[in-house]
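All remarks here apply to the structure that follows.
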Amino acid sequence: MPGITGIISPAPANQKRSVLDQMLGSMMREAFYASGSELFQAAGVAAGWTNLKNSFSDCLPVWNETRDICLLFYGEVFPDDQEFQSLRQRGHVFAPGNATSLVHQYEEHGDEFLRSLNGAFVGLLLDLRQGRAVLFNDRYGNARIYFHEAPDGFYFSSEAKALLRVLPETRRLDPKGLGEFFACGNTLQNRTLFSGISLLPPGSAWTFASGRLLERRTYFSPSEWENLPTLSPHDYYAKLKETWQRLLPRYFRGEQPIGLSLTGGVDSRMILAWAARKAGSLPCYTFGGRYRDCADVKISRRVAEVCGQRHEVIPLGEEFLKRFPALAKKSVLVSDGAMDVTGAVDLHVQEVARGIAPVRVTGTNGGEILRSLVAFGPSSAGREILDAGAVAQTERAEQTYASELIGRPLTFTAFKQAPWHMGSKFALERSQVTLRMPYFDNDLIKLVYQAPAEAATSNEISRRMIADGNPELAKIGTDRGGAPCVVPGVQSLQAMVQEFFFKAEYAADYGMPASLAKADRFLAPLHWERLFLGRHKTTHFRLFYRDALRDFIRETLLDSKARQRSWLDREKFERAVEGHTSGRFNATKEIHKALTMELIQRHLVEQAD
C-alpha cells in the first residue's frame, strides 16, 4: 500500500541512500502510484514516499514558505472550514484539497496541531530550524507505521516488507505473534509476525534529533473521552443527528470521483440517507457472489434506486477463482502478512471499484463504533495443525486478549480492534482506492463516548437516523430483516426465514462438521448446496478449496518445504489438507491460516521472488 518509509540515523547520507532506494522500491507495486525521496542530513533523516496519484497526499514534499519546515505525509484529513479560514487570515498559502495546509498548522500550533487532525494518516515532520524530526500517526492507528530499532539507526515504513528487504535479522517469525495470529487471526499489542518489527502505537508523536530517538510521546489518549458525562437518550440523539449532518459533507469533498460501497445493513444506508447528493452523481456498488444475487445486492440495488443513484455489482465469480493464487500472494505482500488469504477478496473487488471511482466512501465499522461490536476474539479453529510449542503460544494469546478486553467497549473497538484486527483490511483497500470512513470521524467517536447504555443494544438509533434523513430508505428492510410491515406476523416470519438461510449457509460452508462433509462429498454432483449458498455470503471457501482451488492448495501446502515448517504438527497438517481437498471433512479455517503462513514464509521471510 502507499505510505512513507525511511531511516533516521547519524550515518552519512550516501550510506542511507542506497538502502532507502531498496525500501522504496519494495513499495512501488502499482502503475498508479507516485513516489519520491528526500535527504535531510542535518536531521539525520533519509525518507521516501509512495502515494495514489491525485490523492490528498500526492503533493510531497510539503514545505513552508521559508523552506525550513518539511512534511512527508500519507493519508487524508477532514478539517473544519474554520481552520482554513484562520490559516489564510495569517497569510499562509495552500491548496485546501491536499496536505499543503498541514505544514502551516504546525507553524501556528507546534506539535499540538496533531490533536486537531481528523482522519487516518502517518507522517514525518522535519523542523530544520530545530534540527529535529517527528514521526506520527493518527489517534486510532488506522494507518500503520512499522519500525525496527537497530544499532545503526531507526528504520520505519508503512509496509513491513520495506524493513524486511534491508534488515535480514528481521526475517524470522516471532513465536508470540505467530500464536496470536492462529488464536485471534491477528497479532495484538502492536506486535507483528516478524522478529524485531513493531507497530507504532496509536496517537504517537516520536521525536528525533541528530539522527537519534529522543522521546516516545503519545499526543492523544482515549482516557480524555472516557470520562465525558453520559447524555440522556433525547439529548444524545439530537446531538448525533446534528453531528452527523455537519460532518458527513467532509467525506464528499474533492475533485476526484467518489463512489459509495453499499451493503444490505444500516451503516452505509445511514450515509446515503444524509449524503445530499444529486441523482446520478454518486455511483454505488455492492459485492456479489457466483450463485445468485445475495441479500446485500438485492437490498442495495433498491436503496440506490430510491436515491436516484446508479448501482453496480462487483462479482466474485469464475474470474476471481482463476485469479485467486496470484491475489492470495499479493494480499499477503500488500498487508505484510497481517491479513490472511481471504484478503484476495478485498483486492479483487477494490481493483474493480477503482474503475468505478478512485475514492471509496464506506460504512465500515459503523456497528463497531455506534454499537461497540467486538468483531474478533480467540478461537480454537485452525490450531489443530500446530505443534505443541505453537499451541502453547495460542494459549498465551488468549490471556493477552482477555487482558486487553478489560475497560470501555468503545475503547477496545476504536483503539485496539481497529488497528490490530481491521488495519490489515484497510491497508489492502488503500492499496487500490482512497478510503474514507465517516464512522471514524473524531467528532462522532467523541460523542459516542457520551451515549446512554441503551444506544448500543440495537440498530434502532441507526434506523431512526435513516428515517429522519430519507423516510423512503427506512421502508426497506435489511439483510437480517427489519422492514416495517402492516400485516401482523409477516415481519416476524420474514425475519425467521432470513435467519434460517443465514445459519444454513454458514452450516454449508465454514460450519459444516466432518460427518456431513463426508456425505456432501457424495452429493456434490447434485450441487445441493446451491439451495443455501449465495443468499447472504459472496464467498464459499470450503467448496473453493475442495473443488476449483484444489490443485493450487495441494501443490502449495503439500510441497516438501511447506510440510517441514517448524510450527506445524506435520501429521495433522497433512491429514487436514488431504482430507479437505478430497472432501472427507472440513478444514477451511486451517487451510486459511496454513496457506497464509506458507505464503508469508516464501515471499516475505525467504523472499523467494
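Numbering (this note's numbering), first residue to last: 636 to 1244. We put the CB at the ideal spot given by N, CA and C, even for glycine. Remember, predicted model here, so these are calculated numbers, not experimental data.
Considering only the beta carbon of each residue, do tyrosine 1036 and cysteine 694 sit closer than 7 Å? Against a cut-off of 7 Å, the Cβ pair of cysteine 694 and tyrosine 1036 comes out as no contact.
Roughly how many angstroms lie between the CA atoms of valine 1121 and alanine 1109, to the nearest whole one? The predicted position of valine 1121 is uncertain, since its pLDDT is 47 and thus under 50; no value can be drawn from it.
Residues in the same chain with beta-carbon distance under 8 Å from serine 670, minus the five sequence neighbours each way, listed in chain order, please. Closer than 8 Å at the Cβ level, and outside the excluded window around serine 670, lie Leu659, Met662, Met663, Gly683, Trp684, Thr685 and Asn686.
Quick one: which unbroken alpha helix (DSSP H) runs of 4-plus residues sit fully inside the region 953-986? Chain order, please. The qualifying runs are 953-969.
Taking the straight line between their C-alpha atoms, what separation do you get for cysteine 705 and leucine 848? Each residue's Cα considered, the two are about 19 Å apart.
Among Ser792, Gln944 and Ala908, which one has its Cα closest to the Cα of serine 1097? Comparing Cα-Cα distances from serine 1097 to each of Ser792, Gln944 and Ala908, the minimum goes to Ala908.
Residue range of the beta strand (DSSP E) that includes isoleucine 631: Nothing can be reported for residue 631: it is not among the residues displayed for the chain, which extend from 636 to 1244.
Do you know offhand how far histidine 1056's Cα is from valine 976's? Approximately 14 Å between the Cα atoms of the pair.
In the DSSP assignment, find the beta strand (DSSP E) that holds proline 950 and state where it starts and stops. Judged by DSSP secondary structure, proline 950 falls within the beta strand (DSSP E) whose first and last residues are 946-950.
Which of the three DSSP states is assigned to cysteine 819 in this structure? Here cysteine 819 sits in helix by DSSP.
Can the beta-carbon of leucine 968 be found closer than 7 Å to that of histidine 1227? No; because the gap between Cβ atoms is not below 7 Å, this pair is not in contact.
Which whole-angstrom value is the C-beta distance of phenylalanine 708 and leucine 763, which I expect to be below 8 Å? With 8 Å as the limit, phenylalanine 708 and leucine 763 do not qualify as a contact, their Cβ atoms being about 17 Å apart.
Under 7 Å between C-beta atoms of isoleucine 642 and tyrosine 790: Here isoleucine 642 is near tyrosine 790, since their CB atoms are less than 7 Å apart.
Buried or exposed: which applies to phenylalanine 756, given that a residue is buried once 16 or more other Cβ atoms fall within 10 Å of its Cβ? By the beta-carbon neighbour count (other beta carbons within 10 angstroms, threshold 16), phenylalanine 756 is buried.
DSSP three-state call for valine 1121: helix, strand or coil? With a pLDDT of only 47 at valine 1121, under 50, the local geometry of the prediction cannot be trusted, and no value is derived from it.
Coarse secondary structure for phenylalanine 719, derived from DSSP in three states: Helix, per DSSP.
Please state whether DSSP places tryptophan 1055 in a helix, a strand or coil. Correct three-state label for tryptophan 1055: helix.
Excluding the five sequence neighbours on either side, which residues of its own chain have a C-beta within less than 6 Å of the C-beta of asparagine 733, listed in chain order? Taken in chain order, the residues that qualify are Phe691 and Cys694.
For a test of the three-state rule: what should DSSP assign to asparagine 649, helix, strand or coil? DSSP places asparagine 649 in helix when its eight states are reduced to three.
Is valine 984 close to chain B, meaning its C-beta is less than 7 Å from at least one C-beta of that chain? The structure shown has no chain B; it contains just one protein chain.
List the endpoints of the continuous alpha helix (DSSP H) containing phenylalanine 791. It is not in any alpha helix (DSSP H) - phenylalanine 791 instead sits in the beta strand (DSSP E) that spans 788-792.
Euclidean distance between Cα positions of alanine 730 and leucine 813: Rounded to the nearest angstrom, the gap between the Cα atoms of alanine 730 and leucine 813 is 45 Å.
Option nearest valine 901 by Cα separation, candidates Ile1111, Arg1065 and Thr640: Of the candidates Ile1111, Arg1065 and Thr640, the one whose C-alpha sits nearest the C-alpha of valine 901 is Ile1111.
Within the continuous beta strand (DSSP E) that includes leucine 1045, where are the two ends? Run containing leucine 1045: none in the beta strand (DSSP E); it sits in the alpha helix (DSSP H), 1044-1047.
With DSSP run on the structure shown, which of helix, strand or coil describes tryptophan 698? Correct three-state label for tryptophan 698: strand.
Could you tell me which whole beta strand (DSSP E) segments of length 3 or greater appear in the region 754-805? You should have 754-762, 767-772, 781-785 and 788-792.
Nearest to isoleucine 639 (by Cα), restricted to the options Asp715, Asn689 and Ser793: Of the candidates Asp715, Asn689 and Ser793, Ser793 places its Cα closest to the Cα of isoleucine 639.
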